[in-house]
Amino acid sequence: MTILRPQAVVPVLALVFVFLAASSATNKSLTWDEPTFITSGYTYLDRSDFRLNPEAPPLMQKLVALPIWLGEFEAPDYDHRHWKTPQQVAFARDHLLRNGDHINDLAFWSRFPVWIVGACLIISGGTFCTRLVGGWSGAVFALLVALSPNLLAHGRLATTDFGCAALMFGSVFAFWQAIEDQRPQKWLIAGTLTGLALLAKYTSLLLGPIFIILGLYEWRSGRIRLNEIARGTAILIAVGMALLFIGYGLQFGPAKYVDGLGTIYSRYTEGFRFYLLGQALNKPVWYYHLVAFVLKTPEPTLLLLLISVYSVFRSPRLQRPAVYVGIPALLVIFVSSFDQAHLGLRRILPAYPFLFALIAIAGTNKPCRFCRHVYIGLIVWASLASLMAYPHYLSYFNILSGGISNGPYLLEDSNVDWGQDLPALAAWEAAHPSEPVSLRYFGSVPPHLYGVKAKKMTDNEVISPIDGVYAISAHSLVYFRKAALQTGRQRVDWLSRYQPFERVGGSIYLFRFP
């Protein structure tokens, strides 16, 4: 009788991830950041001009734009005033309008490379876990990643967050291989992946302290000498710096990279009001991402993490593997406490693959039969929780937090609504042609490109709605609440005053008057 091998499961789960990402993204409109990344990446490839979107390094932007640049799509208008005086959102919107008849094709092909990155993460991560501890750890890791609502939420979009998470994980895997083998070619691979991660998103700068901590740990453990670490690190840094030059078209290199760091928070002002657990805040709070993590991670995954930490402390065999996956996750979450912009759980997305690896590693411990059944049961529960969230992964909240419909009462921005549900609204309008709709929408895509016929909701209607149907995206509802809390005008707090009669997609709420 043929016994199923763990190694055979991993590529199957990589295909499952691609299927879930692709199929769930099909009926989702381009989100707020996607047009900017696509258009900026197009200009990088087309002209090696990096004036647009300097707050994000170019790698993932080039990657998502590559199919558009190679395909039969309209190029941006380089005579446009928002190119000459860079306004990235407006310039990207004009680029979308030039491709309006092919908006679905543009969305599909720009997102396609990220789905492939997801498959690579699952295969490489499964290999990493298997080499660390063996057994079914690789398959468990692959299952958790393939069915994670939060990784699927961003692993299907033409943005930088998921690519950063995948490349950071791959870089740590390569660093471990270099420590194990110590041949120059292994350090070359580690340097290559590290350079690519740095070119994906600035969060990857955390690889520096991560490698320092891991290197010191291995030195103290006696597995490697300091001079060997120094030689390997020199190769890693040299390759990483070379890739920074290549990534910026051999023009600017590290100088351009450093300049981009200064632009990240430039658009946030002191008066920006933050939002957490239904309350508007004048200042960011250190625990924001921890709260978002607890609200948006399936309950069984949270329980598995607690069990895994306990299991690792009890088993000396698992402690070295746990250091390699635990340190990066902890550092990402710790640094997030200093984040000055509450832009969503995506800011700590790189922690998820490492946490899933920790769960997978802990599962190879030799627990009692009952504990093993509990572990398997929680894995199955976590998988079912993800499947039940399909296809509204971006708006996902766990059951204890109240589910998707309670999202606007807790968090905002990409945690709930990133402008992804225009196709769902267009479908509702088509099914109810006799009902006029007024729309207040959070997004950078003109709604008519997806067939939405609703007129724009006026500011007067926010205060005094007239007869008809109002379609209001979750982010806009939160904006109304923040305005009410800031000004004391409770009439504009729709979340408190009115009850939606329906939700379309995961993020647009419908209200009917009278």
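Residue 282 in the working numbering is what sits at position 282 of the sequence shown, and the numbering runs on without skipping anything. Note that beta-carbon positions come from the ideal geometry of N, C-alpha and C, so glycine has one too.
- Query: Using the beta-carbon count (16 or more within 10 Å), is V478 buried or exposed?
  - Reply: Classification of V478: buried, given that the 10 Å Cβ count is 16 or more.
- Item | Same chain, Cβ closer than 6 Å to A92, five either side skipped, listed in chain order | Beyond the five residues adjoining it in sequence on each side, A92 comes within less than 6 Å, by CB distance, of P35, T36, T39 in the same chain, given in chain order.
- Query: Taking the C-alpha atoms as reference points, what is the distance between Q87 and I179?
  - Reply: Roughly 45 Å between the two C-alpha positions.
- Item | Reduced DSSP category for S464 - H, G, I as helix; E, B as strand; rest coil | Assignment of S464 by DSSP, reduced to helix, strand and coil, places it in the coil class.
- Message: Please report the straight-line C-alpha distance between K455 and T43, rounded to a whole angstrom.
- Response: Roughly 33 Å between the two C-alpha positions.
- Query: Is the beta carbon of G118 less than 8 Å from the beta carbon of F162?
  - Reply: At a Cβ-Cβ threshold of 8 Å, G118 and F162 count as neighbours.
- Residues that S473 bridges to, as DSSP identifies them: DSSP lists I508 as partners of S473.
- When the distance is taken between beta carbons, is G191 closer than 8 Å to S48? For S48 and G191, no; Cβs fall outside 8 Å.
- Item | Every unbroken beta strand (DSSP E) inside the segment 202-234 [3 residues or more] | Fully contained in the segment 202-234 is no beta strand (DSSP E) run of length 3 or more.
- Query: When we look at the beta-carbon of E502 and count the other beta-carbons within 10 Å, is it buried (16 or more) or exposed?
  - Reply: Exposed, because fewer than 16 other Cβ atoms sit within 10 Å of the Cβ of E502.
- L15 versus S23 - alpha carbon distance: So the two alpha carbons sit approximately 12 Å from each other.
- Query: Nearest CA to the CA of W32: which residue from I224, V89, Y509, N104?
  - Reply: Of I224, V89, Y509, N104, the residue nearest in Cα terms is V89.
- Task: Please determine if the segment 349-358 and the segment 134-147 are in contact, where contact requires at least 3 C-beta pairs separated by less than 8 Å.
- Result: Because the criterion of three Cβ pairs below 8 Å is met, the segment 349-358 and the segment 134-147 touch.
- Query: Skipping 5 residues on each side, what residues in its chain have a beta carbon closer than 6 Å to that of G344?
  - Reply: Residues of the same chain with a CB within less than 6 Å of the CB of G344, apart from the 5 flanking positions on each side, are D413, S414, N415 in chain order.
- In three-state DSSP terms, what is Q182? Q182: coil per DSSP, three-state reduction.
- Within its chain, find whatever has a CB closer than 8 Å to the CB of I361; leave out the 5 residues flanking it on each side and keep chain order. A distance below 8 Å between beta-carbons, with the five flanking residues on each side excluded, links I361 to the following residues of its chain, in chain order: C129, L132, V133, S137, S308, V312, L318, P321, A322, V325.
- Task: Please state whether DSSP places L276 in a helix, a strand or coil.
- Result: Three-state DSSP puts L276 in a strand.
- Query: DSSP three-state call for R497: helix, strand or coil?
  - Reply: Helix.
- Cα-Cα separation, T160 to L394: Distance between the alpha carbons of T160 and L394: 15 Å.
- Message: DSSP three-state label for E270, please.
- Response: Residue confidence for E270 is low, a pLDDT of 47 falling below 50, so the modelled location carries little weight; the figure read from the coordinates is stated next. Coil, per DSSP.
- Query: Where do the ends of the alpha helix (DSSP H) carrying L439 lie?
  - Reply: Unbroken run through L439 is the beta strand (DSSP E), 437-440; no alpha helix (DSSP H).
- Quick one: what's got a C-beta closer than 8 Å to N53's C-beta in the same chain, skipping five residues either side? So the list reads T36, F37, S40, Q61, Q88, once near-sequence residues are dropped.
- Strand pairing of E502, partner residues [DSSP]: Bridge pairing for E502: L510 [DSSP].
- Task: Please determine if the segment 375-386 and the segment 193-200 are in contact, where contact requires at least 3 C-beta pairs separated by less than 8 Å.
- Result: Cβ pair count under 8 Å is below three, so no.
- Query: Do you know how far the Cα of W418 is from the Cα of S473?
  - Reply: A straight-line Cα-Cα distance of about 9 Å links S473 and W418.
- Query: Counting pairs of beta carbons, one from the segment 253-262 and one from the segment 209-217, are three or more of them closer than 8 Å?
  - Reply: No, the segment 253-262 is not in contact with the segment 209-217.
- Task: Compute the Euclidean distance between the alpha carbons of Q7 and V335, then round it to the nearest angstrom.
- Result: The straight-line gap from Cα to Cα measures roughly 35 Å.
- H82 versus N227 - alpha carbon distance: When rounded, the distance between both Cα atoms is 52 Å.
- Task: Answer yes or no: do V10 and A166 have a C-beta to C-beta separation smaller than 8 Å?
- Result: In terms of Cβ geometry, V10 and A166 do not form a close pair [threshold 8 Å].
- Other residues of its chain near L207: CB distance less than 7 Å, five sequence neighbours each side excluded: Non-local C-beta neighbours of L207 in its own chain, meaning closer than 7 Å and more than five positions away in sequence, comprise M168, S171, T194, A197, ordered along the chain.
- Query: Can you name, in chain order, every residue of its own chain whose Cβ lies under 8 Å from the Cβ of T203, other than the five neighbours on each side?
  - Reply: When the five nearest sequence neighbours on each side are left out, the beta carbons in the same chain lying within less than 8 Å of the beta carbon of T203 are those of C164, M168, V332, R347, P350, in order along the chain.
- Task: Please look up how many angstroms separate the CB atoms of P57 and Y396, rounded, as I've assumed it's under 8 Å.
- Result: Not confirmed; about 28 Å, so no contact.
- Task: Determine which residues share a DSSP beta bridge with L302 and list them.
- Result: Partner(s): none; L302 has no beta bridge.
- To the nearest angstrom, report how far apart L20 and N365 are at their CA atoms. If I take the Cα positions, the gap works out to 31 Å.
- Which residue or residues does DSSP assign as beta-bridge partners of L281? Answer by DSSP bridge pairing, in chain order: F274.
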